[in-house]
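Written below as structure tokens is the structure these notes are about.
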Amino acid sequence: MDVDLISALTSPDRDAALEKLCEGPAVKTASYFDGTSIHLVTGHDEIMTVLTDPRFSNDANKQTKLDLSGAAGIPEDVRPYFMAALGAQDPPDHTRLRRLVSREFTFRRVERLKPRIREITGELLDALPQEADLVADLAYPLPIRVICELLGVPLEDQEHWRRWSRSLGGPDLETMAAGSRGLVAYIRELIAAKRAEPGEDLLSALVAHDELTEAETVSLAVSILLAGHETTVAVISAGALLVLTHPEQRERLTAEPERVADAVEEFLRYNGAADVGVFRYTLEPVELGGVAIPADEPVMPLYFGGNRDPRVFAEPSKLRLDRGRSDHLAFGHGIHYCLGAALARAELQIVFTELLRRFPGLALAHPEAPPAWRPGPARALESLPVRLS
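Residues 32 to 420 (our numbering) are what the sequence shown spells out, left to right.
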């Protein structure tokens, strides 16, 4: 009998539902949105195999049992732009694209951005009202401003990006279709503008590469936007909730700000931005976790399960800011490891350092209310009402 993944992802008590789903074997069958039966991988070691073994394909063109346009809400007219994304490619195409974007999206570029990240964080914290929503007032605007400045998106257009990126992570397929069309149309116009008048931004650098097709350039921009925005929004808001609901951990973190980097890694493990990973497809029969999986079968890694695997993490359901390890799966693993990991870590470390330093009396405005999680595969809060003191 298939486990009910969708019910777990949309449950009011999401953690308990997912923990229940992870019980038993590390590889099990589950029903997806459209009723398709998939192989769900919940164990850390088994997920690492899925992420590194070339028998598990990322190439969406090789996936015949899933209707991507229906399951992911991507209409046919813009589907090619998403099919060319880094996350939907196998070598050698993935190797070529990754090399090109890695040449421009460098650690040095992220280091140059850090003073600007601190500046934007300071501006947003200065503007917080006494009663604020940390999602709307901090978690959303910080990453979108940073990633848009990195890509060279004009300030006046950034609200459009926020709306489109949010629509792509939601459960409503019509909204996702409209968002994907709007995003692709805008990026195509922006690419044309960068060709005419290139700047010092990342998108101008990508446009300058003649080896990239337009679809590949659009896909890379979309991938960077989503990896650099929605995921960071989710971890800022979920991390703030964890800080505010674990007073002993918070006191220690406030007294020892040098522990923020370790705390960020634990936030990423405990409440990473995505509970599920990108589909893989078996190119040949594979045995995984003692389960025989035939060729041409969809396989989905459940990052939540890997990050809460008691075989790897002691007391996995407990938040421990002194855990001091980064072998979580929040950024994936292997050749598809998140390109924006260094940028996300920089933003998270800066925002939590400054938030705790400036507002030692920060508290939930409604501590009795349950967290308002957005439905869908992303682990993101709708809102987080707080009082500054």
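Backbone N, C-alpha and C fix where the C-beta goes; we use that ideal spot for every residue, glycine too.
All values derive from a computational prediction rather than experimental measurement.
CA-CA distance, residue i and residue j?
i: residue 18; j: residue 41; result: Residue coverage of the chain in this structure runs from 32 to 420, which leaves residue 18 outside it and unanswerable.
i: residue 102; j: residue 288; result: The predicted model places residue 102 with a pLDDT of 48, which falls under 50 and marks its position as unreliable, so this point remains unresolved.
i: residue 66; j: residue 117; result: 27 Å
i: residue 370; j: residue 128; result: 12 Å
i: residue 59; j: residue 73; result: 8 Å
i: residue 194; j: residue 211; result: 11 Å
i: residue 111; j: residue 125; result: 15 Å
i: residue 52; j: residue 274; result: 26 Å
i: residue 280; j: residue 270; result: 12 Å
i: residue 88; j: residue 315; result: 10 Å
i: residue 121; j: residue 365; result: 12 Å
i: residue 372; j: residue 92; result: 27 Å
i: residue 396; j: residue 292; result: 27 Å
i: residue 300; j: residue 357; result: 8 Å
i: residue 36; j: residue 69; result: 10 Å
i: residue 413; j: residue 189; result: 19 Å
i: residue 204; j: residue 108; result: 15 Å
i: residue 232; j: residue 85; result: 34 Å
i: residue 50; j: residue 336; result: 7 Å
i: residue 213; j: residue 177; result: 21 Å
i: residue 192; j: residue 411; result: 17 Å
Identify whether residue i lies in helix, strand or coil by the three-state DSSP scheme.
i: residue 360; result: coil
i: residue 57; result: coil
i: residue 163; result: strand
i: residue 307; result: strand
i: residue 35; result: strand
i: residue 344; result: coil
i: residue 239; result: coil
i: residue 413; result: strand
i: residue 80; result: helix
i: residue 122; result: coil
i: residue 211; result: helix
i: residue 332; result: strand
i: residue 420; result: coil
i: residue 100; result: Caution is warranted here: a pLDDT of 47 is assigned to residue 100, below 50, making its placement in the model unreliable, and the coordinate value is therefore given only provisionally. Three-state result, residue 100: helix.
i: residue 312; result: strand
i: residue 246; result: helix
i: residue 319; result: strand
i: residue 298; result: helix
i: residue 62; result: strand
i: residue 395; result: strand
i: residue 48; result: helix
i: residue 109; result: coil
i: residue 184; result: coil
i: residue 198; result: helix
With burial defined as no fewer than 16 other Cβ atoms inside 10 Å of the residue's Cβ, what is the status of residue i: buried or exposed?
i: residue 161; result: exposed
i: residue 134; result: exposed
i: residue 268; result: buried
i: residue 334; result: buried
i: residue 247; result: buried
i: residue 384; result: buried
i: residue 434; result: Nothing can be reported for residue 434: it is not among the residues displayed for the chain, which extend from 32 to 420.
i: residue 276; result: exposed
i: residue 243; result: buried
i: residue 230; result: exposed
i: residue 150; result: exposed
i: residue 508; result: Outside the displayed range of the chain (32 to 420) lies residue 508, so it cannot be described from this structure.
i: residue 304; result: buried
i: residue 311; result: buried
i: residue 313; result: buried
i: residue 186; result: exposed
i: residue 136; result: buried
Under 8 Å by Cβ, that's how I've got residue i and residue j pegged, so tell me the actual separation to the nearest angstrom.
i: residue 226; j: residue 238; result: 6 Å
i: residue 163; j: residue 417; result: 6 Å
i: residue 61; j: residue 48; result: 13 Å between Cβ atoms; not a contact.
i: residue 272; j: residue 402; result: 6 Å
i: residue 208; j: residue 106; result: 5 Å
i: residue 144; j: residue 172; result: Going by Cβ atoms, the distance from residue 144 to residue 172 rounds to 16 Å, so no, they are not a contact pair.
i: residue 249; j: residue 219; result: 6 Å
i: residue 206; j: residue 198; result: 5 Å
The region 248-258 touching the region 285-301, judged by at least three CB pairs closer than 8 Å: At 8 Å Cβ cutoff, the stretches do not touch.
Sufficient close CB pairs (3 or more, under 8 Å) joining the region 260-269 to the region 368-384: Yes, the region 260-269 touches the region 368-384.
Inter-stretch contact at 8 Å, needing at least 3 Cβ pairs: the region 387-405 / the region 328-344: Too few Cβ pairs lie closer than 8 Å, so no.
Segment contact flag, the region 319-336 with the region 72-91, C-beta cutoff 8 Å, min 3 pairs: Yes: the two stretches touch, three or more of their Cβ pairs being nearer than 8 Å.
Given 8 Å, three or more beta-carbon pairs between the region 289-299 and the region 353-364: Yes: the two stretches touch, three or more of their Cβ pairs being nearer than 8 Å.
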